[in-house]
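Trainee: The numbers in the sequence shown follow the numbering used here, run straight up by one, and end at 573.
Sharing a structure with you now.
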Amino acid sequence: MTTFALKGILKKFSLPFEPSWQNRDVDKELRRLIQKVGGAVAGSGARHLDTDESEAAFRHLLQGAGEEIQIAAFFVALRSKGTTADELTGAALAARSRIEFPLLPEGTVVVSTSRMGRRSGPLLSVVSVAAAVGAGVPVLLQASPHASGSGVTMGDLWKKMGGQIHASASPAANELAQNSLACWQPTAADEGWTRLLRIENELGLRCAPDVVSKLLAPSGSRVIVPSRLGPVLGMASDAYANLGHQTCLIVQGLEGSLDPSVTGMTRGMLLEEEGKSPLRLQPDDLGLGELEEPPALDSDRMLASETACRKALAGAEGPELSCALLGAALLIRLSGQTRDLASAVGMARESIESGSAEKKLCF
């Protein structure tokens, strides 16, 4: 990297220019870590980073170090070998140190979501959130618009409703205190993250930035987070535990969303003070089993999601309402208001039927 190029990057990210020998040390360290993850030129196998190494790597990247081709190679190497809990923890620690988080009212549940979104079916978790809030659960929604080429996200629907995605902690905290519901994007005000997310977009692959962004929740908060299918629940729960969260629910919903299945079992992992326990959510056990998943009634994904949400908010029986009730029950259970899912479903249904849930939304 030339001095001229480095000055340009540092100017872009409003960072001080360090002596050249320090910059060379950073570049050398980044190259070493990239080679460790991807396998050195000599042909040695890829190895995992420990927490400190991962934190150092992401701290440098967020400060503007590294050429874009280096960063892309690093992301692809992490994706290819599989990211570990220690690597996620280190990356999240580096990112969290740059973010001011909102103050949370007692009992708040943080809904931390992905930029990937739903492509095949409608997204209903916005209704689940509204139903939980209507039942007395404060919710901080962490969401963003969809990544390039992805499906409908919670952030997309929130903006469609006319809601605001806050970029800083203070307005998000104020709205949460007033309405028991607010939406913000933790990385929006961090130009270092803007660069990493842009590179991820250009790669067209789901890489470390999207995964790590779901870990950027206020310290010690109650968190519910979606996960893609696969043997990742233990790793994700370990990462949250490493970051100091004692209450967390990871849900493998439809298409990697928070929407539970209404035709079969939804898997997940619950992290509480007593330890970790598997989630096995059977809709039939709660009287919410359906013959089909919520259908997309329009080729326009956003319109299909909005239509499904309106139907669920109206309390019309069907897979849309069942899906929203299951999701709301998980939020209510996580808040600590009740440990019984059947009772939580009843609270969510009352929230929708009374109109309390609809009052929390703008559309």
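C-beta atoms are modelled at their ideal positions from N, C-alpha and C, and glycine is treated no differently.
How is H270 classed by DSSP in three states: helix, strand or coil?
Mentor: The answer is helix: DSSP assigns H270 an H, G or I state.
Trainee: Could you give the distance in angstroms between the alpha-carbon of H592 and the alpha-carbon of V247?
Mentor: Past the boundaries of the shown model lies residue 592; the chain is included only from 211 to 573, so the question cannot be answered.
Trainee: Out of curiosity, what's the CA-to-CA distance linking I244 and E568?
Mentor: 49 angstroms
Trainee: Would you mind stating whether S423 and Q462 have Cβ atoms separated by less than 8 angstroms?
Mentor: The Cβ atoms of S423 and Q462 do not sit closer than 8 angstroms to each other.
Trainee: Taking DSSP as the reference, what is the three-state secondary structure of C533?
Mentor: helix
Trainee: Relative to the alpha-carbon of E560, which residue among L523, E277, Q273 and G546 has its alpha-carbon at the smallest distance?
Mentor: L523
Trainee: Would you check if the segment 466-477 and the segment 302-310 touch, i.e. whether three or more CB-CB distances between them fall below 8 angstroms?
Mentor: Too few Cβ pairs lie closer than 8 angstroms, so no.
Trainee: Taking the Cβ atom as the reference point for each residue, do V555 and L535 lie within a distance shorter than 8 angstroms?
Mentor: yes
Trainee: With three or more beta-carbon pairs closer than 8 angstroms as the criterion, would you say the segment 359-372 touches the segment 506-524?
Mentor: yes
Trainee: For G499, which residues from the same chain have a beta carbon less than 6 angstroms from its beta carbon, with the 5 sequence-adjacent residues on both sides left out?
Mentor: P493
Trainee: How about T396 and E410: do their beta carbons lie closer than 8 angstroms?
Mentor: Reading off the sequence shown, one finds Pro at residue 396, where the question assumed Thr. In this structure, P396 lies away from E410, with their beta-carbon atoms at least 8 angstroms apart.
Trainee: In whole angstroms, give me the CA-to-CA distance for G346 and L453.
Mentor: In this structure, the CA atom of G346 is about 27 angstroms from the CA atom of L453.
Trainee: Evaluate the contact criterion for the segment 254-269 versus the segment 295-303: three or more CB pairs, one atom per stretch, below 8 angstroms.
Mentor: yes
Trainee: Hey, how far is the Cα of S487 from the Cα of Y450?
Mentor: 14 angstroms
Trainee: Classify T261 as helix, strand or coil using the three-state DSSP reduction.
Mentor: helix
Trainee: Which same chain residues, not among the five before or five after K238, have their C-beta less than 7 angstroms away from its C-beta?
Mentor: none
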